[in-house]
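Heads up, the thing below is written out as structure tokens.
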DNA sequence: CAATTATTTCTATATTTCTCGAATTATCGA
DNA sequence: TCGATAATTCGAGAAATATAGAAATAATTG
């Protein structure tokens with residue numbers, strides 16, 4: 008169960024054009040992930056600025072990294088992403104399911120049960 | 008279709024413990040909404056500080072207000088909420104649906120089609 | 001119209017966050 | 001070990017954000 012503090016950290020991390028772009032890039036990249044250098048290249052960010060952003064996303068639990076030779080590969084944490092969405096939708100339309108049925112369905116579906124979902 | 012600029016505004020608005028609490032309170036309140044004073048009471052915020060927060064959430068498109076007598080009633084914008092979730096999940100696991108099936112379902116469901124959904 | 005209640009705006013200060021240049025650490029190949 | 005490549009850390013200045021006191025606006029009641 009995600010707490011408000013964690014949610015604020017995750018939302019803060021994503022509330023920045025550059026970091027949001029990076030995160031969505033990693034979401035698309037899936038488990039394969041992307042080397043920091045490739046991300047910098049794709050987004051046109053200076054390496055040190057990007058590194059600061061990756062650090063913030065990592066501490067927010069939204070991404071994680073592994074070293075491969077000289078490169079550090081970053082990838083999205085789908086479980087954390089799912090947890091954040093679930094938190095945001097919690098108690099949505101409580102008592103009035105007619106208001107936002109599809110969103111409520113989303114909340115129920117918002118657990119990442121698939122095998123490979125890290 | 009939500010753009011990155013809008014998403015960053017919405018995420019920034021939510022990336023604050025007090026505002027996130029207010030938003031979730033309004034999500035629970037549904038269409039009935041809540042008067043500013045009641046929100047201040049429920050969250051223990053000074054009226055002026057709360058007003059600044061409500062203003063930020065409003066400009067981000069996440070909530071809207073209507074006047075009723077002396078009170079101003081605030082309520083969540085479920086359509087905007089849904090749009091933000093959809094944006095965050097866009098292209099999730101593209102090419103590898105096995106990674107995060109439930110989340111992908113969420114993305115497809117993330118449009119608020121219900122009648123009363125403002 | 002005066003008093004009361006509800007909320008917002010104005011203004012200033014304190015704090016946090018962002019970005020970049022420079023220096024540092026880590027890994028690999030010759 | 002030396003040089004090259006990949007990424008991170010440090011430090012400082014600039015910019016954005018948060019909070020609160022005081023004043024102002026809006027709507028209702030006597």
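Residue numbers (the numbering used here), protein chains in the order written: chain A, 8 to 125; chain B, 8 to 125. Ideal Cβ placement from N, Cα and C applies to all residues, glycine included.
* To do: Can you have a look at residue 49 of chain B and say buried or exposed, based on whether 16 or more other CB atoms are within 10 angstroms of its CB?
  => Counting Cβ neighbours within 10 Å, residue 49 of chain B comes out exposed, since fewer than 16 surround it.
* **Euclidean distance between Cα positions of residue 70 of chain A and residue 11 of chain B** => About 19 Å.
* **Cβ of residue 35 of chain A within 9 Å of any chain B Cβ** => yes
* Option nearest residue 86 of chain A by Cα separation, candidates A/37, A/19, A/25 -> A/37
* To do: List the residues of chain B that residue 24 of chain A touches, going by C-beta distances under 8 Å, in chain order.
  => The contact set of residue 24 of chain A on chain B, defined by CB atoms closer than 8 Å, consists of 11, 12, 15 in chain order.
* Asked: Helix, strand or coil: how does DSSP classify residue 118 of chain B here?
  -> Note that residue 118 of chain B has pLDDT 39, beneath the 50 cutoff, so the model's placement of it is unreliable and the number below is only indicative. Residue 118 of chain B: coil per DSSP, three-state reduction.
* Asked: Which residues, taken in chain order from the region 71 to 82 of chain B, show a beta carbon closer than 8 Å to some beta carbon of chain A?
  -> Within the region 71 to 82 of chain B, no residue has a Cβ that lies closer than 8 Å to any Cβ of chain A.
* Please go through the same chain and pick out, in chain order, the residues whose beta-carbon is closer than 6 Å to the beta-carbon of residue 34 of chain A, but skip the five residues on each side of it. => 83
* Asked: Secondary structure at residue 74 of chain B, three-state DSSP: helix, strand or coil?
  -> Residue 74 of chain B carries a strand assignment under DSSP once its states are collapsed to helix, strand and coil.
* To do: Using 10 angstroms around the beta-carbon of residue 52 of chain A, count the other beta-carbons present and answer buried if the total reaches 16, otherwise exposed.
  => buried
* residue 23 of chain A versus B/29, B/27, B/16, residue with shortest Cα-Cα distance -> B/16
* Asked: Which residues, in order along the region 36 to 70 of chain A, keep a beta-carbon less than 7 Å from a beta-carbon of chain B?
  -> Here the close residues are 37, 38.
* **Residues sharing a beta bridge with residue 83 of chain A, DSSP** => A/70
* Asked: By a C-beta neighbour count over all protein chains shown, 10 Å radius and 16 as the cutoff for buried, is residue 27 of chain A buried or exposed?
  -> buried
* Apply the 10 Å Cβ neighbour rule to residue 59 of chain B and answer buried if 16 or more other Cβ atoms are within range, or exposed otherwise. => exposed
* To do: May I ask which residues mark the beginning and end of the alpha helix (DSSP H) holding residue 16 of chain B?
  => 11 to 21
* Asked: For residue 98 of chain B, which residues in chain A fall below 9 Å Cβ to Cβ?
  -> 31, 34, 35
* Close Cβ partners of residue 80 of chain B (< 6 Å) along its chain, the five nearest in sequence each way excluded -> 40, 42, 73
* Asked: From residue 54 of chain A to residue 30 of chain B, what does the alpha carbon distance come to, in whole angstroms?
  -> 36 Å
* Looking only at DSSP bridge pairs, what is residue 42 of chain A linked to? -> A/80
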